[in-house]
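Residues in the sequence shown are numbered from 26 upward in steps of one, following our numbering. All residues carry an ideal CB built from backbone N, CA and C; glycine is no exception. Predicted model only: the values in this text are computed from it and were never measured. Single-structure report; data block below.
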Amino acid sequence: MLTMDLVKELDSYRLENKITQQVLAEQLGVSFVTVNRWFNYKTKPSKIQQYQIEKFLDRKNGREKIGNLNLRRKSGI
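Written out as structure tokens, the structure is:
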């Protein structure tokens, strides 16, 4: 996923779940300033941060990655 698309998806997640940038930063293990700079397009997440964001969004959206495949988890199993 392209970096800016990932940032947009992260911001959409934040808005849909009605959480602040501060709370999102805590969930990701980064500072508020870092998240704020991503959302204001002043910096981009590093490769490691991109990987962590993808994992975070996959967990929150109920997706698991196996290789290049995205799989939805079935609830109740």
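What's the call for residue i, buried or exposed, on a 16-neighbour Cβ count within 10 Å?
i, result
"residue 73", "exposed"
"residue 40", "exposed"
"residue 35", "buried"
"residue 27", "exposed"
"residue 32", "buried"
Please list, in chain order, all residues of the same chain as residue i whose beta carbon is under 7 Å from its beta carbon, the five residues on each side excluded.
i, result
"residue 38", "82, 85"
Taking just the CA atoms, how far does residue j sit from residue i?
i, j, result
"residue 54", "residue 78", "10 Å"
"residue 63", "residue 48", "15 Å"
"residue 56", "residue 67", "15 Å"
"residue 44", "residue 71", "23 Å"
"residue 50", "residue 59", "8 Å"
"residue 87", "residue 46", "22 Å"
Taking 6 Å as the limit between beta carbons, can you name the residues of its chain near residue i, skipping five residues before and five after?
i, result
"residue 69", "28"
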